[in-house]
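Enquirer:
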Amino acid sequence: MRPVLLGGYAAKSCPRAVHNDYDPTVPRPALPVAPELQALYDTGVDFETEVLTAWPALNLPGYVDLRDLDGDKRVHIGATIGAMRAGAAVIVGGRLPDDVAGGRTGKPDILLRDTGGGYHPADIKAHHVLDRKYDNALASTLKAPSFEDAVALPDGGARQREEDLLQLAHYWRMLEACGHQATHPRGAICGDDRPGDPLLVWYDLTAPAFRTFSRTTGVATRSALERYDHEHGFRRRVADVARHRTGAAGDPLPLVDPIGQAECATCRWSPVCVDTLPGTDVSAVLRGALSAREYLALRAAGVHTVADLAAGDPETLLTGMYGTEVPHLRTRAFRLRKAVTAARLAADGLIVRRRERADVPRAAVEVDIDIEWGADDRVYLWGLLITSNGASRYEAFFDPRVTTDRDEELLARRCLDRLTALAAGTPDLLVFHYGTPEPRQARRFPPLPSGPAGPDRWIDLLPLVRATVDSRAGHGLKAMATHGPGHTWRDPDPGGLQSQSWHAAARRGDPSAAARLLTYNEDDVRATLAVRTWLRS
Numbered sequence: 002m003r004p005v006l007l008g009g010y011a012a013k014s015c016p017r018a019v020h021n022d023y024d025p026t027v028p029r030p031a032l033p034v035a036p037e038l039q040a041l042y043d044t045g046v047d048f049e050t051e052v053l054t055a056w057p058a059l060n061l062p063g064y065v066d067l068r069d070l071d072g073d074k075r076v077h078i079g080a081t082i083g084a085m086r087a088g089a090a091v092i093v094g095g096r097l098p099d100d101v102a103g104g105r106t107g108k109p110d111i112l113l114r115d116t117g118g119g120y121h122p123a124d125i126k127a128h129h130v131l132d133r134k135y136d137n138a139l140a141s142t143l144k145a146p147s148f149e150d151a152v153a154l155p156d157g158g159a160r161q162r163e164e165d166l167l168q169l170a171h172y173w174r175m176l177e178a179c180g181h182q183a184t185h186p187r188g189a190i191c192g193d194d195r196p197g198d199p200l201l202v203w204y205d206l207t208a209p210a211f212r213t214f215s216r217t218t219g220v221a222t223r224s225a226l227e228r229y230d231h232e233h234g235f236r237r238r239v240a241d242v243a244r245h246r247t248g249a250a251g252d253p254l255p256l257v258d259p260i261g262q263a264e265c266a267t268c269r270w271s272p273v274c275v276d277t278l279p280g281t282d283v284s285a286v287l288r289g290a291l292s293a294r295e296y297l298a299l300r301a302a303g304v305h306t307v308a309d310l311a312a313g314d315p316e317t318l319l320t321g322m323y324g325t326e327v328p329h330l331r332t333r334a335f336r337l338r339k340a341v342t343a344a345r346l347a348a349d350g351l352i353v354r355r356r357e358r359a360d361v362p363r364a365a366v367e368v369d370i371d372i373e374w375g376a377d378d379r380v381y382l383w384g385l386l387i388t389s390n391g392a393s394r395y396e397a398f399f400d401p402r403v404t405t406d407r408d409e410e411l412l413a414r415r416c417l418d419r420l421t422a423l424a425a426g427t428p429d430l431l432v433f434h435y436g437t438p439e440p441r442q443a444r445r446f447p448p449l450p451s452g453p454a455g456p457d458r459w460i461d462l463l464p465l466v467r468a469t470v471d472s473r474a475g476h477g478l479k480a481m482a483t484h485g486p487g488h489t490w491r492d493p494d495p496g497g498l499q500s501q502s503w504h505a506a507a508r509r510g511d512p513s514a515a516a517r518l519l520t521y522n523e524d525d526v527r528a529t530l531a532v533r534t535w536l537r538s
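According to the working numbering, the sequence shown holds residues 2 to 538 in order.
1) Identify which residue in V152, A178 and L346 has its Cα closest to the Cα of Y120.
2) Suppose contacts are defined by Cβ-Cβ distances below 7 Å. Is D194 in contact with L256 by that definition?
3) How would you write the range of the beta strand (DSSP E) that F214 sits in, first residue to last?
4) Considering only C-alpha positions, which residue in the set P440, P253, L206 and P28 is nearest to E373?
5) Considering only DSSP beta bridges, list what D132 is partnered with.
6) Shortest alpha-carbon distance to D378 belongs to which of Y395, D408, H171 and Y10?
7) Give a yes or no on whether the C-beta atoms belonging to A250 and V307 are separated by under 7 Å.
8) I believe A266 touches R288 by the beta-carbon criterion, under 8 Å. Please report the beta-carbon distance rounded to the nearest angstrom.
9) Please state if the CB of T437 and the CB of V366 are separated by a distance shorter than 7 Å.
10) Please state the DSSP three-state secondary structure of G45.
11) Could you name the residues of the same chain whose beta carbon sits closer than 7 Å to that of L530, not counting the 5 residues immediately before and after it, in chain order?
12) Do you know how far the Cα of R517 is from the Cα of W490?
13) Based on the DSSP secondary-structure assignment, which residues constitute the bridge partners of I190?
14) Quick check on the burial criterion: 16 or more other C-beta atoms within 10 angstroms. Buried or exposed for M2?
15) Considering only residues of the same chain and omitting the five flanking positions on each side of Q501, which have a CB-CB separation below 8 Å?
16) Whole angstroms is fine: what's the gap from P186's alpha carbon to W203's?
17) Unbroken alpha helix (DSSP H) runs of length 4 or more, entirely within the stretch 226 to 276: which are they?
18) Considering only DSSP beta bridges, list what Q182 is partnered with.
19) Between R114 and G88, which are expected to be in contact by the criterion C-beta below 8 Å, what is the C-beta distance as a whole number of angstroms?
20) Classify F399 as buried or exposed, calling it buried when 16 or more other Cβ atoms lie within 10 Å of its own Cβ.
21) Consult DSSP for E439 and reduce its assignment to one of helix, strand or coil.
22) I'd like to confirm the pairing. Which residues does DSSP put opposite F399 in its beta bridges?
23) Figure out for me which residue from R355, V101, L226 and G219 has the closest Cα to the Cα of A208.
24) Rounded to the nearest angstrom, how far is the Cβ of A285 from that of L278, given a contact under 8 Å?
25) Please state whether the Cβ-Cβ distance between L417 and P450 is less than 7 Å.
26) Tell me which same chain residues have a C-beta within less than 6 Å of the C-beta of T26, skipping the five on either side of it?
27) Can you give me the Cβ contacts of G157 inside the same chain, cut-off strictly under 6 Å, excluding the 5 residues immediately before and after it?
28) Is the stretch 350 to 364 touching the stretch 229 to 241, taking contact as three or more C-beta pairs under 8 Å?
29) For E326 and A343, which I take to be in contact (beta-carbon distance under 8 Å), what is that distance rounded to the nearest angstrom?
30) Assign P315 to buried or exposed, taking buried as 16 or more other Cβ atoms, counted over all protein chains shown, within 10 Å of its Cβ.
31) What are the boundary residues of the alpha helix (DSSP H) that includes Y296?
32) Which word fits S224, buried or exposed, when buried means at least 16 other C-beta atoms lie within 10 angstroms of its C-beta?
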């Protein structure tokens, strides 16, 4: 019988997906990877390649790259053990021995030797791991990567991303199983906060970090290792039950039933899992409105269908059985009220509903602004839609080859100077945006336009939408523009992740990718105009 060997992703993913993987009675869906998920994979692979390509050029002593051995598991594991026994300082692309007793398998991106002996795991992630609201994150560099080389950052604190730390904990337990762990459980994440000069941000895996539910005390703060041990242990039990199912009447019942959640949108198991739930099931209909734990708490409180939740009173649920299952969630009341609103919309067959007409200011000249930035966080496109006398024209300030601070400043200056000229032509001008990135980025490039053209005077449509529109698809621009005024994007597959891959192609000189970016941006600013017109109607 197939042994239970879970990889580093299992503890942070849906336990029903683990069940499906090990249950031989569950059909194997043959579906293509969702475009959004593929774009995310591609971004991660590209960033990992960028980091690991830069490292060998530093000529570090004791640097070992084992990625080429990935095709032969036995040889790969042997080479990794050999490198650790030899005391290699940095091991890239290794594979640890399967921990059969612990039910683990895995390939850490990086293993870093501790000066006291043994190794720390490290992983490469194409997302930010620093929070600039805080400081004192311990970080090392590619040139001096060990924990002993780490220094406290004056301008960034370590983000406690549970999914990252659970993966580090998985590899730490594997190091323990083969006897090559460092003296203290630590791990590092290499994020994309500083393109061209990546940092390894260090975490103590035993430090209290995550606010969780406790059956005895209601709320408990647990470390990454404690969270991992609980989540991994549960999924091992799930997998062990699942692998004994044969389709016969006496089969053991699954430890977890399908439940809708945000993860379902890109999960390959959805067609044979959450999609099989009754059409009235509240989690199947609302999916990402609540977490799996919140939906389970609703079920415990007798709320199973959309109609049940639509008829429910949030305050009554919070003071009853539901509230006793989610005391650790600080925003539980807000989230539940949103879910009840979404259920009421669903019960009425609606995606969005305007509660009232929004008071949106008007001007003789109205400008919609939207920006695009690449994986390096540099803004390479400022798009304006200028509307006056009932006509609109699109203007773009675009340079896909922006790579330096000076490049970025010159591009922004062109857009801000254009706004200054528009304001000089008419005092009756308003600039609209959706969300905070546009004014935040503009403020980086003084001198700023004065009067209504200045970013401090720009009008954010998002708060107006949230104040006047109920939605079960969120209040993002695409959801609002699509389900409200019925705006459409010309590109069949628009999205932020896709635009990053188009940007990479445009930077390499692909004219079709450049044209696609401009079309996407123009449709975004036309979407804000459509939403504004709808709010006023």
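Glycine included, each C-beta is placed from N, C-alpha and C at the ideal position.
Expert: According to the data block:
1) Within the sequence shown, numbered from 1, the residue matching residue 120 stands at position 119. Out of V152, A178 and L346, A178 has the C-alpha closest to the C-alpha of Y120.
2) What you label residue 194 is simply residue 193 of the sequence shown in a count that begins at 1. What you label residue 256 is simply residue 255 of the sequence shown in a count that begins at 1. No, the Cβ-Cβ distance between D194 and L256 is not below 7 Å.
3) The residue you call residue 214 lines up with position 213 of the sequence shown. That run of the beta strand (DSSP E) goes P209 to S215.
4) The residue labelled residue 373 in the question sits at position 372 within the sequence shown. Cα-wise, what sits closest to E373 is P440.
5) The residue you call residue 132 lines up with position 131 of the sequence shown. G158.
6) In the sequence shown, residue 378 corresponds to position 377, counting from 1. Among Y395, D408, H171 and Y10, the Cα nearest to that of D378 is on D408.
7) If you number the sequence shown from 1, residue 250 lands on position 249. If you number the sequence shown from 1, residue 307 lands on position 306. Not in contact: A250 and V307 (Cβ atoms no closer than 7 Å).
8) The count along the sequence shown starts at 1 and reaches residue 266 at position 265. The count along the sequence shown starts at 1 and reaches residue 288 at position 287. Sure, about 7 Å apart at Cβ, within 8 Å.
9) Sequence index remark: in the sequence shown, residue 366 carries index 365 (1-based). Sequence index remark: in the sequence shown, residue 437 carries index 436 (1-based). Contact: no.
10) As a working mapping, residue 45 is identified with position 44 in the sequence shown. The answer is helix: DSSP assigns G45 an H, G or I state.
11) Walking along the sequence shown from the start, residue 530 turns up at place 529. Cβ within range, chain order: D369, L386, T388 and S393.
12) Within the sequence shown, residue 490 is the residue found at index 489, counting from 1. Within the sequence shown, residue 517 is the residue found at index 516, counting from 1. Distance between the alpha carbons of W490 and R517: 11 Å.
13) On the sequence shown, position 189 is the one that residue 190 refers to. According to DSSP, which records beta bridges pairwise, I190 is partnered with D124 and V202.
14) Position 1 of the sequence shown, counted from the start, is the residue given in the question as residue 2. Classification for M2: exposed.
15) Mapped onto the sequence shown, residue 501 falls at position 500. Hits under 8 Å: A40, T44, G375 and A376.
16) Indexing the sequence shown from 1 puts residue 186 at position 185. Indexing the sequence shown from 1 puts residue 203 at position 202. The alpha-carbon atoms of P186 and W203 are separated by roughly 11 Å.
17) none
18) Within the sequence shown, the letter at position 181 stands for residue 182. Bridge partners of Q182: Y120.
19) Translated into the one-based positions of the sequence shown, residue 114 becomes position 113. Translated into the one-based positions of the sequence shown, residue 88 becomes position 87. Contact between R114 and G88 holds, with the beta-carbon distance rounding to 6 Å and staying under 8 Å.
20) In the sequence shown, the residue the question calls residue 399 occupies position 398. When all chains shown are included, F399 counts as buried.
21) In the sequence shown, the residue the question calls residue 439 occupies position 438. Helix at E439.
22) The residue labelled residue 399 in the question sits at position 398 within the sequence shown. L382, per the DSSP bridge assignment.
23) Position 207 of the sequence shown, counted from the start, is the residue given in the question as residue 208. Looking at the Cα atoms, L226 is the closest of the given residues.
24) In the sequence shown, the residue the question calls residue 285 occupies position 284. In the sequence shown, the residue the question calls residue 278 occupies position 277. The pair is a contact, with the Cβ atoms about 4 Å apart (cut-off 8 Å).
25) Numbered from its first residue, the sequence shown carries residue 417 at position 416. Numbered from its first residue, the sequence shown carries residue 450 at position 449. Their beta carbons are under 7 Å apart, which means L417 touches P450 by this criterion.
26) Working through the sequence shown from its first residue, we reach residue 26 at position 25. Taken in chain order, the residues that qualify are R246 and G248.
27) Residue numbering aside, residue 157 sits at position 156 when the sequence shown is read from its first letter. Here the set comprises L131, R133 and A138.
28) no
29) To locate residue 326, count along the sequence shown from 1; it is residue 325. To locate residue 343, count along the sequence shown from 1; it is residue 342. Going by Cβ atoms, the distance from E326 to A343 rounds to 20 Å, so no, they are not a contact pair.
30) On the sequence shown, residue 315 is found 314 positions in, with the first residue counted as 1. Answer is buried; the Cβ neighbour count reaches 16.
31) Start at 1 with the first residue of the sequence shown, and residue 296 comes out as number 295. A293 to A301 is the span of the alpha helix (DSSP H), which, as asked, contains Y296.
32) If you number the sequence shown from 1, residue 224 lands on position 223. That one is buried.
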